[in-house]
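What follows is a set of notes on a single structure, which appears directly below.
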Amino acid sequence: MRNLEIHEENGVEFLTSPLLEKCGFVRHAFSTRRGGVSEGPYDSLNLGAAKGEDPVRVEENRRRFFEAAGLAPERVAEVCQVHGAEVIDANKIRDEGGVSADGVMTDLPGIAAAVQTADCVPVLLADPVKRGVAAVHAGRRGTAAGVLVSAVAGMKRRFGSEPKNLVAALGPGISGQCYEVGGECIPPFRLRYPGWRDFCVQVGGGHWLLDLPEAVRIQLVSAGVPEEAIDLAPHCTFSESARFFSYRRDGGPTGRLLSVIEII
11 MRNLEIHEEN
21 GVEFLTSPLL
31 EKCGFVRHAF
41 STRRGGVSEG
51 PYDSLNLGAA
61 KGEDPVRVEE
71 NRRRFFEAAG
81 LAPERVAEVC
91 QVHGAEVIDA
101 NKIRDEGGVS
111 ADGVMTDLPG
121 IAAAVQTADC
131 VPVLLADPVK
141 RGVAAVHAGR
151 RGTAAGVLVS
161 AVAGMKRRFG
171 SEPKNLVAAL
181 GPGISGQCYE
191 VGGECIPPFR
201 LRYPGWRDFC
211 VQVGGGHWLL
221 DLPEAVRIQL
231 VSAGVPEEAI
241 DLAPHCTFSE
251 SARFFSYRRD
261 GGPTGRLLSV
271 IEII
């Protein structure tokens, strides 16, 4: 496991995974909030549509981000994220329009799989053997429901991917030190993870600290992805306000980060 690397191009900041870079058949990037044209709570590189945000600015932000990261997709495949465990083929989005799910996979060049986040953990997956990729939105509920297991199983079913061949990168999300949840959030993790106390720490008053990135990492490993094939972002969206958007921290309107992977 290694940390993601930070880059800046034409004032736009983004992160990449050394492991994904070594795959050789993909381009990818995790955005930050730096380098865009949005204002107010969306300052400045907001890459998601939102009430009160100017769509023209979002379009310009996306243009800047894709250009800076060297991404040139013919189409960006995104879903209506619902904090569930379904990961779908990008072709289904093209055929049916807006689809509710929490991940996208494809083996077609020219299609970028993408997810939006603002505390949840974005995960990019690549199979250099079968040449398939996926982008996954791993929030608390989706992770508890097994969204990473679904992604790995989906890639095996759709592309013939063996979990041992997958490479994964976890983008910036809220850290375990900053993510306090109520006791009602813990039972789903206790049921799914034998070692749930490795990422759930009781802090009193019926509250817990939940290390969501660690839960995501453990789920990937349990699904068969080698530990050494997983890169991590050593960042916290909640505590690094100058670099990332955070829904929990901002408590109201805020921007969205975008995590993208495409086959070249």
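Note that our numbering has the sequence shown beginning at 11, numbered continuously upward.
The beta carbon of each residue, even a glycine, is placed where N, CA and C say it ideally should be.
Just so you know, these numbers come straight off a predicted model, no measurement behind them.
Annotated as distal: ILE121 and ARG72, with beta-carbon spacing of 8 angstroms or more. DSSP lists SER110 as the bridge partner or partners of CYS90. By the neighbour-count criterion, in which 16 or more other beta carbons inside 10 Å mark a residue as buried, ASP208 falls on the exposed side. The continuous alpha helix (DSSP H) containing GLU77 extends over residues 65-79. Between VAL22 and ILE271, the gap from beta carbon to beta carbon reaches 8 angstroms or more. Taking ALA154 as the centre and dropping the five residues before and after it, the same chain places the C-beta of PRO198, PHE199 closer than 6 angstroms to its C-beta, in chain order. Excluding sequence positions up to five before and after GLY108, its CB lies within less than 6 angstroms of the CB of CYS90, all in the same chain and listed in chain order. For ARG67 and PRO204, the gap between their C-alpha atoms comes out near 46 angstroms.
Relative to LEU29, the option among VAL191, GLU19, LEU180 whose CA is nearest is LEU180.
According to DSSP, GLN212 shares a beta bridge with TRP218.
Contact check for PHE40 against PRO244 fails: the beta carbons are separated by 8 angstroms or more. Uninterrupted alpha helix (DSSP H) stretches at least 4 residues long and entirely within the stretch 123-180 occur at 150-155, 157-169, given in chain order. Each of GLU172, CYS210, SER110, LEU201 was checked against the Cα of LYS140, and the nearest Cα belongs to GLU172. Residue pairing from DSSP places THR26 in a beta bridge opposite GLU15. Cβ contact annotation for ASN13 (same chain, cutoff 8 angstroms, sequence separation greater than five): ASP241, LEU242, ALA243, PRO244, in chain order.
GLY183 carries a strand assignment under DSSP once its states are collapsed to helix, strand and coil.
In terms of Cβ geometry, ILE184 and ARG258 form a close pair [threshold 8 angstroms]. Secondary structure of ARG266 (DSSP, three-state): coil.
C-alpha of GLN212 to C-alpha of ALA79: approximately 40 angstroms in a straight line. Secondary structure of CYS246 (DSSP, three-state): strand.
When the Cα atoms are used, CYS246 and ARG167 turn out to be separated by approximately 33 angstroms. Here ARG37 is bridged, per DSSP, to GLU272.
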